[in-house]
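Before any comments, here is the structure.
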Amino acid sequence: MGACKRMLRGEGRALAALVAVLVALVLAWPAAAQASEVAGRSENNDAWHWSLSDDGTLTIGGQGIETTGPGWEALWEKSRVKRVVFESGSTTGDCLSNMFDSCTSLESVAWNGLDTSAATSMGNMFSQCLGLRSIDFSGLDTSSVTDMGGLLRECPNLLSVTFGSDFDTSSVTNMTAMFYNCGNLESLDLSSFDMVAVETMHNMFYECDDLASVTLGSGFTWVSGSTNPYLPAPADGLTWVRLDGATGLPVAGDKGYTPEGLAAAYPSSALPGTYVWNRFVTISFSGNGDGVTGAQPVQVANAEGSTKLAAAAFERPGYEFVGWNTATDGTGVAFSGGDTLTKSDLTGHLGQTLTLYAQWKAVEGPAEPEKPVEPELPTGPETPTDPETPTDPEAPTGPEAPGDGSDTEKPDETVRPAGSVATTTSALPQAGDATSSVLPVLLGIAGAVLVVAVLVMRRRRGE
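Each step along the sequence shown adds one to the number in the UniProt record's numbering, with nothing skipped, and position 214 is 214.
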């Protein structure tokens, strides 16, 4: 029995604890709900509403969404807003001024077809949105807006703004400080801006130090009498130049403008287009020598990139092209034909003309070859002489018949001195006599007879 009572008492305590927990949860629920999402309605007969979630998303919807203008106290906690989302089908009233002023954490806006046709003021609408990096106004009906002063004032981290081709500024009278202190903004396309009604544009681009590209349309003008309405002065003392849309390089003959000069010349002589800081270098070429022929076209180089030098088009008789130099005498910086000029080569000449001078080397002509000695003409063979016709041999004379002695020559009876020897003429035939030609034959026959006789005698002995 006691055990049962103790069990019942334990179960009662557990039940009581559970009830207490449930009661605490019920009591804490509204506070928890309030912490995760804050909601509210407008002061205009609840015509529009809003809610701010714990992730920083501000959702706005309804009809006639508007503010009361400068000094308006936002209905939401500005520092918590990270994203703004308009519900589809929503419309605005006439005043949107200061709606998101000082929402320092705001990063993006989704318009979702918001009807802004009734809006007349957008002054300081996004002023001091320090976290805003990009915003797109395209699709908004701004045809009735008269005040855009300070629209994006002091958004120092803003990098990109899109207005779109239908952004209507034809009714705007005030553009003062519209982009004031947007220090990181690098480019703007204002080609849709119509300045016909603008009366003031004081400090419109003041302290937009990085703004280096602006596209202007035919409806853009600078309003006289405004304080510092000009584009910012480019760094390093550069000028503004208009780009050729086809090449991306400065328009030929564009001299460049200071901010004040561009405002004075636009759009009469300074035509609509995209204007950029003149970070370009005009490269001209000099033949640099007597007798040089040919022409070298000017090159325009973007100093942010690299540029390859064209091949030399100059010619100089008796000389060979050996390269380019920044000094006429070759004591400057040298480049070869076809070299690539880099940013370091060009930076010191931004917005200026860099002249390169051709360098030449005399070409030594080839030595005159020795004139070959002309070979002597061959003489013709001597005409052979006819051999002498041999004389016929004299016919041998027969032995003289013995005479009677009457015509025999008597010996010389001349008395010779004592001791002298009488000379007798040899009776042998002399060379050239007829008998001298017969002697070899006779000797041959005698030899043959002798050989035959010897052979016969040997044979007989052998028998």
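Quick reminder that beta carbons are idealized off the backbone N, C-alpha and C, glycines included.
**Request:** Can you tell me which of the three DSSP states residue 75 falls into?
**Result:** coil
**Beta-carbon proximity of residue 190 to residue 215, cut-off 8 Å** = Taking 8 Å as the cut-off, the beta carbon of residue 190 is found closer than this to the beta carbon of residue 215.
**Item:** Segments assigned beta strand (DSSP E), at least 3 residues, entirely inside the segment 75–99
**Value:** 83–86
**Asked** To which residues of the same chain is residue 323 closer than 7 Å at the C-beta, ignoring the five residues directly before and after it?
**Response** 334, 335, 336, 337, 359
**Message:** Using 8 Å as the threshold, is the C-beta distance between residue 240 and residue 262 below it?
**Reply:** yes
**Message:** Given this structure, state the Cα-to-Cα distance separating residue 452 from residue 444, to the nearest angstrom.
**Reply:** 13 Å
**Asked** Can you find a C-beta in chain C that's less than 8 Å from the C-beta of residue 314?
**Response** Absent from the structure is chain C; it holds one protein chain and no more.
**Request:** Find out if the Cβ-Cβ distance for the pair residue 135, residue 161 is shorter than 8 Å.
**Result:** A contact, by the Cβ cut-off of 8 Å.
**Asked** On the three-state DSSP scale, how would you describe residue 23?
**Response** Only weak support is given to the placement of residue 23: the predicted model assigns it a pLDDT of 43, under 50, and the value that follows is read from those uncertain coordinates. Helix at residue 23.
**Other residues of its chain near residue 413: CB distance less than 6 Å, five sequence neighbours each side excluded** = Confidence at residue 413 is low in this model, with a pLDDT of 46, below 50, so its placement is unreliable and the value that follows should be read with caution. Taken in chain order, the list of residues that qualify is empty.
**Asked** Taking C-alpha atoms, which residue in 303, 284, 302, 340 lies nearest to residue 314?
**Response** 284
**Message:** So, with DSSP's three-state summary, where would you put residue 342?
**Reply:** coil
**Message:** Quick check on residue 259: does DSSP put it in helix, strand or coil?
**Reply:** helix
**Message:** Below 8 Å on the Cβ atoms is my contact criterion, and I expect residue 124 with residue 86 to pass it. Report the Cβ-Cβ distance as a whole number of Å.
**Reply:** Between residue 86 and residue 124 the Cβ distance is about 19 Å, and since that is not below 8 Å, they are no contact.
**Item:** Validate contact between the segment 63–70 and the segment 89–99 using beta carbons, cut 8 Å, 3 pairs
**Value:** yes
**Helix, strand or coil at residue 434 [DSSP, three-state]** = In this prediction, residue 434 has a pLDDT of 48, which is less than 50 and means its spatial position is unreliable; what the coordinates show is noted afterwards. Three-state result, residue 434: helix.
**Prompt:** Below 8 Å between beta carbons: does that hold for residue 76 and residue 38?
**Reply:** yes
**Request:** From the DSSP output, in three-state form, read off residue 133 for me.
**Result:** DSSP places residue 133 outside both helix and strand once states are collapsed to three, so it counts as coil.
**Asked** Quick one: is the Cβ of residue 141 within less than 7 Å of any heavy atom of the ligand GDP?
**Response** Here there are no bound small molecules, and the ligand GDP is not part of this structure.
**Own chain, CB closer than 6 Å to residue 307, minus 5 neighbours either side, in chain order** = 301, 341
**Short Cβ contact (8 Å threshold) for residue 202 with residue 234** = No. Outside cutoff.
**Where the beta strand (DSSP E) through residue 288 begins and ends** = Note, residue 288: premise wrong, no beta strand (DSSP E); not H, not E.
**Message:** Measuring only the C-alpha atoms, how far is residue 185 from residue 210?
**Reply:** 6 Å
**Residue closest to residue 275, alpha-carbon to alpha-carbon, out of 188, 455, 157** = Nearest option by C-alpha distance: 188.
**First and last residue of the uninterrupted beta strand (DSSP E) at residue 362** = 353–362
**Request:** Return the Cβ separation of residue 174 and residue 147 in integer angstroms, given the expectation that the two are a contact with Cβ distance under 8 Å.
**Result:** 5 Å
**Message:** Could you tell me the alpha carbon to alpha carbon distance between residue 271 and residue 222, rounded to whole angstroms?
**Reply:** 14 Å
**Prompt:** When you compare only the Cα positions, how much space is there between residue 120 and residue 78?
**Reply:** 23 Å
**residue 349 - DSSP class collapsed to helix/strand/coil** = The answer is helix: DSSP assigns residue 349 an H, G or I state.
**Prompt:** Using DSSP with H/G/I as helix, E/B as strand and the rest coil, what is residue 62?
**Reply:** Three-state DSSP puts residue 62 in a strand.
**Asked** Taking the alpha carbon of residue 309 as the point to measure from, which residue in 320, 316, 297 has its own alpha carbon closest?
**Response** 297
**Prompt:** Looking at the structure shown, is residue 242 part of a helix, part of a strand, or coil, going by DSSP?
**Reply:** Here DSSP, grouped into helix, strand and coil, assigns residue 242 to strand.
**Asked** So what's residue 235 in DSSP terms, helix, strand or just coil?
**Response** helix
**Message:** With H, G and I counted as helix, E and B as strand and the rest as coil, what does DSSP make of residue 140?
**Reply:** coil
**Prompt:** Using the C-alpha atoms, what's the distance from residue 102 back to residue 82?
**Reply:** Within the model, the alpha-carbon separation for residue 82 versus residue 102 is close to 12 Å.
**Request:** Express the C-alpha separation of residue 224 and residue 91 in angstroms, rounding to a whole number.
**Result:** 36 Å
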